[in-house]
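One structure is given here, and the rest of the page talks about it.
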Amino acid sequence: MGLKKATVANSCGLQQLAKSSQGRNRSVDEKALSEDIDPEGIHVMSFSMVHNDVELRTEWLVKLKDDTKTKHVREVDGVKFVSVWLDVDFIEFDKWTSTVDVDGTDPVPPATDNAEA
């Protein structure tokens, strides 16, 4: 399928984006995030759009610590993550994110039965 692009942030960067989101429509509790986020995690942006011409509305798949007990945790192949929405400033977004090439095929979504009929 060739190379695909993904926007990612490390844990420090994602926490800075969470800080930037404070006072906006989409934000998270910074303290709760810092307690549950995997400090070595790489977090993937799954959605973005320009919002009100002044910010980006983003959705992130945030990798959590293995022992997290937070609500709404999803787990795939032993990796715990949660979906987080953040409205962030354009400059902060550019400062704390990277675009990476992702090689490989499109993954099969979890819990999808691919057996032939």
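For what it's worth, our numbering labels the leading residue of the sequence shown as 146, then goes sequentially.
Even for Gly, the Cβ is constructed at its ideal location relative to N, Cα and C.
All of these numbers come straight from a predicted model, not from anything done at the bench.
C-alpha distance - residue 274 paired with residue 152, whole-angstrom precision
No statement about residue 274 is possible, as the shown extent of the chain runs from 146 to 262 and does not include it.
Give the single residue among 237, 205, 161 and 187 whose Cα lies nearest to the Cα of residue 176.
Taking the first residue of the sequence shown as position 1, residue 176 is located at position 31. When 237, 205, 161 and 187 are compared, the shortest CA-CA separation from residue 176 is found for 161.
Identify whether residue 148 lies in helix, strand or coil by the three-state DSSP scheme.
Reading the sequence shown from its first residue, position 3 is the one you call residue 148. If DSSP states are grouped into helix, strand and coil, residue 148 belongs with coil.
Please state the DSSP three-state secondary structure of residue 155.
Counting from 1 along the sequence shown, the entry for residue 155 is found at position 10. Residue 155 falls in the strand class under three-state DSSP.
Note down the Cα distance separating residue 148 from residue 246, rounded to an integer number of angstroms.
By one-based count along the sequence shown, residue 148 stands at place 3. By one-based count along the sequence shown, residue 246 stands at place 101. Rounded to the nearest whole angstrom, the CA to CA distance from residue 148 to residue 246 is 6 Å.
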